[in-house]
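Each residue of the sequence shown is one higher than the last, beginning at 1 in full-length UniProt numbering. In this text, a Cβ means the ideal position worked out from N, Cα and C, and glycines have one as well.
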Amino acid sequence: MTTPHNAQAVVSRGAKLARDAAQAADLRAYQTHPDVIALRVERVRVQVDRLCWAGIMLGLAFTMTNVQTFAAAGSSAWSLPWLAAWLLDPTVSVVLLAILRAEQVTARYQVRTGPWVRRAKWFTLTATYVMNTWASYAAGSVAGVVLHSVPPLVVFAAAEAVTDLRDKLTDAVHAAFTDATRHATPPTPSTDDPTPSMACTQDTAGVHERPRRTSAGEYLARARHALQPGIRITPAWVRQVTGCSRGLSSRLAAALNAEVDQRTNSDGDTVPGPGARP
1 MTTPHNAQAV
11 VSRGAKLARD
21 AAQAADLRAY
31 QTHPDVIALR
41 VERVRVQVDR
51 LCWAGIMLGL
61 AFTMTNVQTF
71 AAAGSSAWSL
81 PWLAAWLLDP
91 TVSVVLLAIL
101 RAEQVTARYQ
111 VRTGPWVRRA
121 KWFTLTATYV
131 MNTWASYAAG
141 SVAGVVLHSV
151 PPLVVFAAAE
161 AVTDLRDKLT
171 DAVHAAFTDA
181 TRHATPPTPS
191 TDDPTPSMAC
201 TQDTAGVHER
211 PRRTSAGEYL
221 ARARHALQPG
231 IRITPAWVRQ
241 VTGCSRGLSS
251 RLAAALNAEV
261 DQRTNSDGDT
271 VPGPGARP
């Protein structure tokens with residue numbers, strides 16, 4: 001026989017489960033939101049940059065002492081040739097660091113650089129390696145060659161890997177944004193003015209429902225409406241027709257291009273814009 005106390009306990013457990021389910025749904029909505037994913041990827045990008053730069057700087061500091069010994073060629077300490085020898089490795093390293101710093105930005109926005117950029121990077125890395133290992137090769141010291149080869153090769157590997165990692169992290173943000181917008185449903189506009197209590201509910205309901213902020217889905221809908229046949233979808237065009245930010249425009253352009261490619265593959269020919277008539 002069910003007593004009022006037992007019934008109240010069942011209702012309390014049911015209410016608790018409902019609250020837990022609502023909290024889990026809110027948490028899942030935040031975790032899968034493209035802006036949250038972009039923030040997490042950006043944090044990982046910062047960590048990767050700091051670690052790679054730390055390794056590169058330590059490796060270049062090690063090579064600087066070896067190159068100074070190689071360039072001084074037995075000159076007495078604090079003499080002019082001995083002091084000038086300290087400038088040889090920084091001359092090469094500063095150019096390498098400038099190239100890596102520029103690639104950090106170009107990889108962030110996936111801009112292709114010219115062939116001379118890669119040639120300059122390879123030349124500076126090769127020059128650093130040769131100056132570090134020349135004395136060991138001349139002396140026939142295998143241990144010296146191995147010891148002085150490790151730091152330049154690590155710097156070379158890090159310089160090549162960090163650029164590709166930045167590019168793939170940007171692809172991860174674009175993929176998350178494209179997947180989220182593909183499965184998102186368009187928001188239903190409300191005809192009633194929100195009361196203060198409704199405004200508080202909107203503030204805590206989710207990222208898409210925050211007042212006085214245009215969501216990514218709305219920007220994407222504007223871009224879809226403005227898309228016409230023959231238009232090349234670029235971040236600059238998206239910014240022009242929607243007024244969104246520079247960082248969001250690249251993700252919107254990637255999402256639109258993915259939609260156009262998907263429709264083209266399914267229909268077999270070019271997809272007309274939203275304003276065109278069949």
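- Taking a C-beta distance under 8 Å as the contact criterion, Val-173 and Ile-37 qualify as a contact pair.
- Taken through DSSP and simplified to helix, strand or coil, Val-241 comes out as helix.
- Assignment of beta strand (DSSP E) within the stretch 20-79, counting only whole runs of 3 or more residues, yields no such run.
- Cα atoms of Thr-234 and Ser-12: separation of roughly 54 Å, rounded to the nearest angstrom.
- Counting only residues of its own chain and dropping the five nearest sequence neighbours on each side, Arg-239 has a CB closer than 7 Å to the CB of Arg-246, Ser-249.
- Three or more beta-carbon pairs drawn from the stretch 43-62 and the stretch 163-171 are found closer than 8 Å, and the two stretches are therefore classed as touching.
- Boundaries of the alpha helix (DSSP H) harbouring Gln-104: 88-108, taken from the DSSP string.
- Where Thr-234 is concerned, there is no enclosing alpha helix (DSSP H), because DSSP gives it neither an H nor an E.
- Around Ala-71, the same chain offers Ala-85, Leu-88 as residues with beta carbons nearer than 7 Å, after the five sequence neighbours per side are excluded.
- Counted as a single uninterrupted DSSP element, the stretch harbouring Val-111 is not any alpha helix (DSSP H), since DSSP gives it neither H nor E.
- Here the C-alpha atom of Met-57 lies approximately 20 Å from the C-alpha atom of Val-117.
- For Thr-264, the three-state secondary structure derived from DSSP is helix.
- Cα atoms of Tyr-137 and Phe-62: separation of roughly 18 Å, rounded to the nearest angstrom.
- By the Cβ rule, the stretch 116-133 counts as touching the stretch 95-108, because three or more pairs are nearer than 8 Å.
- In this structure Ala-127 is buried. Its beta-carbon is surrounded by 16 or more other beta-carbon atoms within 10 angstroms.
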